[in-house]
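Below: one structure, written as structure tokens.
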Amino acid sequence: MINITLPDNSVRTYEAGVTGLEIAKSISEGLARNVLSAKVNDEVWDATRPIMNDSHVQLLTWDSEDGKASMWHSSAHLMAEAVEALYPGSKFGIGPDIENGFYYDIDLGDKVITEGDFKAIEEKFLQFAREKQSFIRKEVSKAEAVSYFTEKGDEYKLELIQDLQDGTITFYESGQFTDLCRGPHIPDTSFIKAFKVMSVAGAYWRGDEKRKQLTRLYGISFPKQQLLTDYLLLLEEAKKRDHRKLGKELELFTFSQRVGQGLPLWLPKGAALREKLEAYLKKVQKKAGYVQVITPHIGMKDLYVTSGHYEKYGKDSFRPITTPVDGEEFFLKPMNCPHHCEIYRHKPHSYKDLPIRLAEFGTVYRYEQSGELHGLTRVRGFTQDDAHIFCRPDQVKNEFIGVIDIVLQIFKALDFKEFIAQISLRDPENKTKYIGTDENWDKAEKAITEAVAEKGLNAVIVPGEAAFYGPKLDFMVKDAIGRKWQLGTIQVDYNLPERFDLEYIGSDNDKHRPVMIHRAPFGSMERFVAVLLEHCAGKFPLWLTPDQAIVLPISDKYIEYAKNVLNLLNNYDLRAQIDERNEKIGKKIRDAELKKIPYILIVGEKEEAENTVSVRRQGDGDKGSYTVDAFAELVNAEIEEAMGK
RNA sequence: GCCGAUGUAGCUCAGCUGGCCAGAGCAGCUGAUUUGUAAUCAGCUGGUCGGCGGUUCGAAUCCGUCCAUCGGCUCCA
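FYI, the numbering for the first sequence is 84 to 728, going by the working numbering.
Written out as structure tokens, the structure is:
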């Protein structure tokens with residue numbers, strides 16, 4: 084007999100070899116019907132795998148992430164089985180569960196799967212699911228594994244087996260399909276009640292663009308049909324928040340083929356919004372001791388040879404611009420730091436001057452691969468809210484903390500609650516990718532980790548994600564459909580000061596090397612506006628929105644009064660317009676609501692007589708009569724509350 | 001850059017397997033209406049059907065190619 088400890092710390096006794104499923108049955112039939120897998124001593128197992136020793140067991144259902152993962156992973160197998168049945172001779176790469184569903188990478192030979200084929204795959208899948216196929220776990224030797232897939236002719240699986248150790252290899256068999264797999268899986272396929280192929284895409288084998296591109300099928304499955312319906316509805320809703328759609332509807336920005344792909348054109352309202360953001364950040368930075376600088380959009384090739392960027396990115400950049408007579412080469416600046424280094428160099432510095440914090444809304448141009456461009460989040464020309472801090476080594480940590488404070492303050496003002504802080508460190512396996520000495524890297528990584536710890540930030544640490552010149556702390560936010568984008572970034576750099584031979588005179592009257600910190604709290608104005616737009620679904624915070632209010636005269640008899648109101652609003656520094664069109668009030672309200680203008684001010688006979696406006700809040704209906712003074716107070720109070728003053 | 005899909009008026013879309021001058025709603029313009037909290041009515045303007053080339057008596061529709069966009073992959077200083 085063995086003792087099984089459940090999550091509530093109760094202990095039950097079973098015969099050795101009991102399975103998660105049997106434990107569930109002993110608790111209740113209902114639970115047994117919903118158990119997908121079991122966590123046994125912190126390892127997720129099949130619910131049908133015998134437990135031989137005393138263990139802590141947690142039964143996993145759809146409600147847990149691990150339970151979902153089990154179902155999705157099993158669904159990937161089933162999808163593969165369906166594909167193999169429909170397209171015999173298919174070879175299979177990998178098929179993991181992912182955040183929303185799962186995928187399988189498949190070599191289909193000459194067959195090209197398109198959306199038209201999805202239905203057949205779905206039907207075959209559901210047919211297999213209804214057959215209640217069990218997932219049977221088998222431990223196999225490396226030799227057996229190799230022999231199976233050699234016979235099947237699946238070179239992808241063979242390659243995967245090469246990397247595995249003998250004695251740790253397991254196969255899972257379900258229906259006609261046998262796969263190399265670590266597991267775990269759900270007890271049988273009848274748990275899967277709904278399935279949809281979401282999309283098809285090309286994906287390089289093992290993520291290497293030099294290797295063959297396989298067909299990646301994305302799918303998602305659920306234990307209830309209704310959950311699939313709900314999920315699809317959720318996706319529809321998310322699409323309505325897409326910044327590309329909202330940007331068009333709200334006339335914030337546009338693109339022109341004639342200007343060039345990935346080169347955004349900011350329309351008046353978008354420009355107004357962006358200027359508000361810039362003004363806000365300038366104010367915050369001024370308080371934090373930053374000074375603004377301005378540098379040109381191009382720089383000589385030699386500047387980037389010095390910085391090391393030419394060697395690293397020269398081939399992937401826009402081709403250089405050359406002068407007509409001497410053929411001197413200039414590059415569109417892909418970043419601002421080399422220019423700022425030259426500003427630092429323009430005169431000698433004392434240790435007493437440091438830190439020097441040079442800030443610039445610097446527009447940069449990078450040649451991004453055409454397939455990478457994406458609305459405003461990935462573009463070829465964009466403006467960084469850049470700054471470079473030149474400081475003494477003993478000031479690094481404090482400066483770093485100062486920047487974290489700015490980022491957090493901004494996120495708070497804009498109501499960004501869900502962000503991920505990520506510390507990117509050097510890849511310990513492949514140190515040659517990076518420039519700079521071991522010692523400097525160690526120092527920089529230590530400074531970041533300590534600063535983050537001191538701020539109590541909950542950060543994930545990812546080795547191998549560092550920039551080539553230094554480690555960094557990034558702030559990532561998800562967009563409407565769950566894609567992660569990097570916004571704010573803080574990067575320690577011991578490298579550029581070296582390359583540009585930057586120095587300061589210390590208290591010992593000797594020359595010393597300053598440390599540089601690159602930082603951009605928004606990241607880029609383009610990406611930040613895109614993500615902000617998706618977060619607020621186009622309903623920007625009152626302080627930021629291009630038009631805070633719109634005055635709607637009931638008829639053209641009241642246009643004069645509406646203009647008086649507008650004047651008063653302008654005196655209060657509120658941004659407002661008048662809708663002077665000859666339309667009925669209902670129509671004007673509808674249009675203003677659709678434009679997501681926060682306050683709608685209706686003026687007619689009554690308001691003119693009483694010297695008031697009738698206030699309507701976007702999405703929230705009639706708020707009653709206010710004098711313009713009282714309305715201005717209302718607006719200011721709302722702004723102050725939101726900014727957390 | 002790679003794989004797949006898409007591309008019709010400013011916007012959202014219809015136009016089936018090639019055949020009357022390419023359509024609708026919204027937006028815009030003109031006129032009527034002078035309006036009280038999410039769409040007043042009428043008329044009008046607007047499109048080398050992404051570009052170029054081909055097949056055909058005939059192409060928005062079929063084929064090729066280029067461009068752009070979308071979903072991924074790779075990349076992201």
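Backbone N, C-alpha and C define an ideal beta-carbon position, used for all residues, glycine too.
A quick note: this is a predicted structure, and the numbers were derived from the prediction, not measured.
Cutoff 8 Å; reference residue i; Cβ partners in own chain excluding five residues on either side
i, result
"Val560", "Phe499, Glu501, Phe502, Ile503, Lys567, Trp568, Leu570, Val614, His618"
"Val535", "Ile487, Ala504, Ile506, Ala542, Leu556"
"Gly519", "Tyr552, Gly553, Tyr577, Asn578, Glu581"
Where the alpha helix (DSSP H) through residue i begins and ends
i, result
"Ser157", "148-169"
"Ile426", "420-428"
"Glu205", "201-213"
"Thr233", "225-235"
"Glu643", "642-654"
"Leu114", "112-117"
"Gln492", "479-496"
"Lys395", "392-396"
"Arg730", "Nothing about residue 730 can be reported from this structure: the residues present for the chain run from 84 to 728 only."
Nearest residue (CA-CA) to residue i, options the options
i, options, result
"Tyr396", "Thr131, Phe494, Tyr450", "Tyr450"
"Gly100", "Ala130, Lys225, Leu114, Gly113", "Ala130"
"Thr197", "Pro171, Ile219, Val166", "Val166"
"Asp591", "Ala530, Ala536, Lys435", "Lys435"
"Met86", "Arg132, Glu112, Asn136, Asn117", "This sequence places Asn at residue 86; Met is not what is there. The shortest Cα separation from Asn86 among Arg132, Glu112, Asn136, Asn117 belongs to Asn136."
"Ala362", "Gly172, Glu691, Leu627", "Leu627"
"Ser173", "Leu161, Ser158, Asp193, Asn183", "Asp193"
"Ile722", "Thr272, Leu497, Ile484", "Leu497"
"Gly258", "Val711, Leu161, Leu333", "Leu161"
"Leu651", "Arg602, Ala715, Arg610, Ile637", "Ala715"
"Val388", "Glu148, Lys359, Arg582", "Arg582"
"Gly606", "Leu191, Arg428, Met418", "Met418"
"Gly302", "Ile275, Ile110, Arg327", "Ile275"
"Glu227", "Leu209, Leu247, Leu360, Gly589", "Leu247"
"Ala212", "Asp271, Leu191, Val229", "Asp271"
Other residues of its chain near residue i: CB distance less than 6 Å, five sequence neighbours each side excluded
i, result
"His156", "Asp180"
"Ala442", "Gln368, Tyr373, Gln375, Ala470"
"Leu241", "Phe232"
"Arg299", "Tyr186, Asp188, Ala284, Ala286"
"Ser273", "Lys215"
"Ile269", "Leu119, Ser153, Met154, Ser157"
"Ile177", "Asp188"
Contact belief for residue i with residue j at Cβ below 8 Å, rounded distance in angstroms
i, j, result
"Tyr373", "Ala470", "6 Å"
"Pro546", "Asp510", "6 Å"
"Ala675", "Leu635", "7 Å"
"Lys706", "Val698", "4 Å"
"Phe551", "Tyr517", "5 Å"
"Leu456", "Gln344", "6 Å"
"Asp468", "Met608", "7 Å"
"Pro604", "Val575", "At roughly 16 Å, the Cβ-Cβ gap does not stay under 8 Å, so Pro604 and Val575 are not in contact."
"Thr253", "Lys225", "Not a contact, Cβ separation roughly 12 Å."
"Ile573", "Ile544", "With a Cβ gap of about 15 Å, Ile573 and Ile544 do not count as contacting."
"Ala725", "Pro624", "6 Å"
"Tyr682", "Arg664", "Actually they do not touch by this definition, with Cβ atoms about 19 Å apart."
Sequence-distant residues of its chain with Cβ nearer than 7 Å to residue i (five each side left out)
i, result
"Ala152", "Asp180"
"Phe401", "Leu415, Tyr448, Tyr450"
"Lys731", "As shown, the chain starts at 84 and ends at 728. That puts residue 731 outside it, with no answer to give."
"Phe336", "Gly330, Pro347, Leu348, Trp349, Leu350, Gly353, Leu459"
"Leu649", "Val634, Ala659, Ile661"
"Asp630", "Arg658, Ala659, Gln660, Ile680"
"Thr710", "Asn694, Thr695"
Element boundaries [beta strand (DSSP E), containing residue i]
i, result
"Phe502", "502-508"
"Ile685", "682-686"
"Thr88", "85-88"
"Gly382", "381-383"
"Leu143", "138-143"
"Glu126", "126-129"
"Arg95", "94-97"
"Ser120", "120-123"
Unbroken alpha helix (DSSP H) runs of length 4 or more, entirely within the region 525-608: which are they?
578-582
Run through the region 280-359 for me and flag every whole beta strand (DSSP E) of 3 or more residues, listed as ranges in chain order.
296-305
Beta strand (DSSP E) runs wholly inside the region 691-716, at least 3 long, in chain order:
696-700, 704-709
What runs of the beta strand (DSSP E), each 3 residues or longer, lie entirely inside the region 239-279?
252-257, 260-263
Write down every uninterrupted run of the beta strand (DSSP E) in the region 449-477 whose length is 3 residues or greater and which is fully enclosed by it, in chain order.
464-474
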